[in-house]
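**Q** Basically this note's numbering = 1-based index in the sequence shown + 24.
Got a structure for you, questions after.
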Amino acid sequence: MKTCFKCNRFLPYSEFYKHKRMADGHLGKCKECTKNDVRTHRKNNDSVREYDRTRSKLPHRLAKNQTNTARYNAIYPERYVAKIAVNNAVRDGRLIKKPCQICGSIKSEGHHPDYTKPLEVIWLCPRHHKNLHLAIDKDESIRDLILNGI
């Protein structure tokens, strides 16, 4: 057990990143505080985001991304087909892209409650779309509550 110097919580060692230069072999800041600090630093520093953009265009990273995308599409072909159908329908004007149904953000993406009905989507911003999928993964019964509340 160890106390985080940032939030002063007494936590097990598993809640701290390993760090070989520390006397006990673990960083003095818990994982949650470390993640918050990194997130804040990245948000407030344009140079970090520019570095990420440049790094993401490196050939080996592009190849890895293509490999991961191809693997995902092979595992979930129904999702891939539904995504293509929505993109084509938006391009052709058969489906109109709308703002996020929760916050109204114009940067939205289609969520498929049922992949067998590819053109029936709920428009959500990336943040709300991710949160919806996280909630669904944690508890299937929450899916209907969230979708009916939108």
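Note that CB positions come from ideal geometry on N, CA and C, so glycine has one too.
Checking 8 Å against the spacing of the C-beta atoms, do Phe-29 and Lys-53 come in under that value?
**A** Yes.
**Q** For the beta strand (DSSP E) that contains Lys-53, what are its first and last residues?
**A** Counting along the chain, the beta strand (DSSP E) containing Lys-53 begins and ends at 50-54.
**Q** How about the region 138-146 and the region 87-105: do they share at least three Cβ pairs that are nearer than 8 Å?
**A** Flag = yes, the region 138-146 and the region 87-105 touch.
**Q** Along the alpha helix (DSSP H) that carries Tyr-96, what are the first and last residues, could you check?
**A** Per DSSP, Tyr-96 belongs to the alpha helix (DSSP H) from 83-99.
**Q** Evaluate Ala-47 with the Cβ neighbour count: other Cβ atoms within 10 Å of its Cβ, from every protein chain shown; 16 or more gives buried, anything less gives exposed.
**A** Looking at its Cβ environment, which holds fewer than 16 other Cβ atoms inside 10 Å, Ala-47 is exposed.
**Q** Helix, strand or coil: how does DSSP classify Thr-27 here?
**A** Residue state, collapsed to three classes: strand.
**Q** Can you name the start and end residues of the alpha helix (DSSP H) that Tyr-75 belongs to?
**A** 70-80 is the span of the alpha helix (DSSP H), which, as asked, contains Tyr-75.
**Q** Taking the DSSP output, what are the residues bridged to His-135?
**A** Ile-146.
**Q** Pick helix, strand or coil for Lys-42, following the three-state DSSP scheme.
**A** Note: Lys-42 maps to strand in three-state DSSP.
**Q** Exposed or buried, what is Ile-99 when buried is set at 16 or more other beta-carbons lying within 10 Å of its beta-carbon?
**A** The residue in question, Ile-99, is exposed, as its Cβ has fewer than 16 Cβ neighbours within 10 Å.
**Q** Apart from the five residues just before and just after Lys-42, which ones in its own chain have a Cβ nearer than 7 Å to its Cβ?
**A** If we look at Lys-42 and ignore the five residues flanking it on each side, its Cβ neighbours are Gly-49 and His-50.
**Q** Determine the direct distance from the alpha carbon of Pro-83 to that of Cys-127, and round the result to whole angstroms.
**A** Taking the straight line joining both Cα atoms gives about 36 Å.
**Q** State the DSSP-derived secondary structure class of Leu-156, mapped to helix, strand or coil.
**A** Helix, per DSSP.
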